[in-house]
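The structure appears right after this line, and notes come after that.
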Amino acid sequence: MTATPIKLVEVGPRDGLQNEQAVTTADKIQLVNDLTAAGVSYIETGSFVSPKWVPQMADSADVFAGIQRKSGVTYAALTPNLKGFEAALAASADEVAIFGAASEGFSQKNINCSIAESLERFAPVVEAARAADIRVRGYVSCVLGCPYDGEIAPEQVAWVAEKLHQMGCYEVSLGDTIGVGTPVKAQQMLAAVAAKVPMEQLALHFHNTYGQALANIASCLPMGVRTIDSAVAGLGGCPYARGASGNVASEDVVYMLQGMDYTTGIDLAALIRAGQRICSALGQQPRSNVAIAELAK
Ligand code: HMG
Ligand code: MG
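Positions 6 to 302 (the numbering used here) are the ones given, in order, by the sequence shown.
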């Protein structure tokens with residue numbers, strides 16, 4: 006039996022570092038280059054958002070300018086509006102991502118507008134991207150719970166995901182922003198969304214606050230999802246979701262997938278080294294169990 010390929014979307018340089026203490030631009034560039042060398046094929050490299058809202062990402066243009074790009078690797082950026090899109094275009098981002106939410110409370114806190122307003126703001130970004138021949142990824146945050154609004158109905162997630170898909174997002178990433186989900190709930194949510202958006206255009210973006218992210222991913226894989234977002238060393242959290250811990254660690258996802266006969270094309274040892282280097286810049290230990298175990302050998 007040949008192993009099934011999984012696309013890993015590495016969000017450490019953006020989702021991870023947006024919520025850690027600031028590291029230098031050189032450290033960020035080194036991280037992206039290390040991830041490239043480890044065989045990661047999609048790296049969310051930065052975001053073009055208001056520096057007043059997320060100061061850690063203020064140097065994203067310099068990061069894009071400094072990285073060594075490898076052909077076949079996608080270097081993507083988050084863009085909430087046209088101003089962000091134009092900056093991403095100037096930085097030669099290969100792809101951009103717009104980011105909505107399944108809950109009104111989080112939408113207001115994160116991007117200062119309602120869900121409906123956010124969709125209106127995203128439409129011209131998608132139009133401009135289409136004109137520039139740049140693909141757009143869409144995020145839905147708070148798909149398994151919201152720090153402000155509590156429980157979120159799977160149908161509400163499906164509604165927002167469908168809007169982003171209809172708008173032109175080639176892929177919609179489903180974010181358990183505060184990491185509260187559990188496996189059966191994750192399956193129910195994914196099933197509701199997959200009834201509206203084809204499974205092959207969906208991604209899982211699970212945070213690990215309650216230690217459930219790997220279990221949630223494992224429960225959803227048999228449903229046919231083939232794209233997983235993760236952050237090296239389990240970096241990050243969310244600036245607008247207090248207490249949320251980082252994304253599921255890329256090292257842990259790669260290790261689990263290897264054990265399930267999926268392939269990612271990633272060199273696990275090199276990925277662990279990439280995590281180790283950024284963690285030493287941050288003065289932290291990696292939060293990946295796999296990295297901790299391997300480094301203790
Ligand atoms: P606003 O204050 O409503 O916007 O913020 P505004 O249009 O009134 O602009 C306010 C100021 O920001 C102005 O500057 C603009 O020029 C500037 P001023 O006149 O005050 O000097 N501005 C910008 N500057 C740089 N780049 C831009 C930009 N746009 C406006 N693109 C806005 C609205 C969306 C801009 C703001 O709320 C914002 O930047 N939010 C970003 C929040 C963010 O990055 N959150 C983290 C990412 S989302 C996430 O992590 C979840 C995810 O991982 C999925 C998951 O985990 O579930 C994706
Ligand atoms: Mg996230």
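Glycine included, every Cβ here is placed at the ideal spot set by N, Cα and C.
Residue i CB to nearest heavy atom of the ligand MG below 6 Å
i	result
G180	yes
D257	no
Residue from the options with nearest C-alpha to residue i
i	options	result
A43	V237, G251, G241 and N252	V237
P85	I103, F69 and E91	I103
G150	A95, S119 and L179	L179
E15	I183, E49 and I283	E49
F69	V59, I183 and A95	A95
G21	L226, L83 and L300	L83
Q73	L87, S97 and I297	S97
E205	G216, H170 and V165	H170
L13	K114, A296, A208 and E167	A208
A286	I11, P10 and P18	P18
V45	W58, I11, D64 and A63	I11
G110	E156, I233 and D266	E156
Y47	T232, G251, A298 and A296	T232
W164	V189, W58, K190 and L124	L124
N252	D266, Q217 and Q290	Q217
S250	L87, V189 and S235	S235
A92	S65, N115 and Q113	S65
heavy atom of the ligand HMG below 6 Å from residue i C-beta
i	result
V141	no
V202	no
W58	yes
D20	yes
V130	no
S146	yes
F53	yes
K88	yes
F303	A query on residue 303 cannot be resolved here, the shown segment of the chain reaching from 6 to 302 and no further.
N117	yes
F111	no
P85	yes
F104	yes
Residue i vs residue j beta-carbon contact at 7 Å
i	j	result
A27	Q61	yes
K75	T41	yes
E100	A128	no
D181	S108	no
G186	V145	no
V162	M194	yes
A219	D257	Before going further, note that residue 219 is Leu rather than Ala in the sequence given. For L219 and D257, yes; Cβs fall inside 7 Å.
A8	T268	yes
V202	V177	yes
G241	N38	no
P159	A197	yes
L36	I222	no
I34	G77	no
P90	A121	Correcting the residue type first, residue 90 is Phe in the shown sequence and not Pro. No; because the gap between Cβ atoms is not below 7 Å, this pair is not in contact.
A254	S293	yes
P152	I183	yes
V131	M172	yes
C174	R142	yes
Closer than 7 Å to chain B by CB, residue i
i	result
I222	This model lacks chain B altogether, as it is built from one protein chain only.
Query raised in the report: Does the count of Cβ pairs from the region 277-285 and the region 48-56 closer than 8 Å reach three?
Result: no
Query raised in the report: At what residue ranges does the region 200-233 contain a whole run of the alpha helix (DSSP H), taking only runs of 4 or more?
Result: 218-225
Report task. Could you say if the region 122-138 and the region 212-232 meet the contact criterion of at least three C-beta pairs nearer than 8 Å? Result -> no
Report task. Please specify which runs of the beta strand (DSSP E), each continuous and at least 3 residues long, are wholly inside the region 145-195, giving them in chain order. Result -> 176-181
**Report entry** Runs of alpha helix (DSSP H) lying entirely within the region 270-302, each at least 4 residues, in chain order
**Finding:** 273-287 and 294-300
Query - Runs of beta strand (DSSP E) lying entirely within the region 41-122, each at least 3 residues, in chain order - result: Fully contained in the region 41-122 are the following beta strand (DSSP E) runs of length 3 or more, in chain order: 47-52, 79-83 and 100-106.
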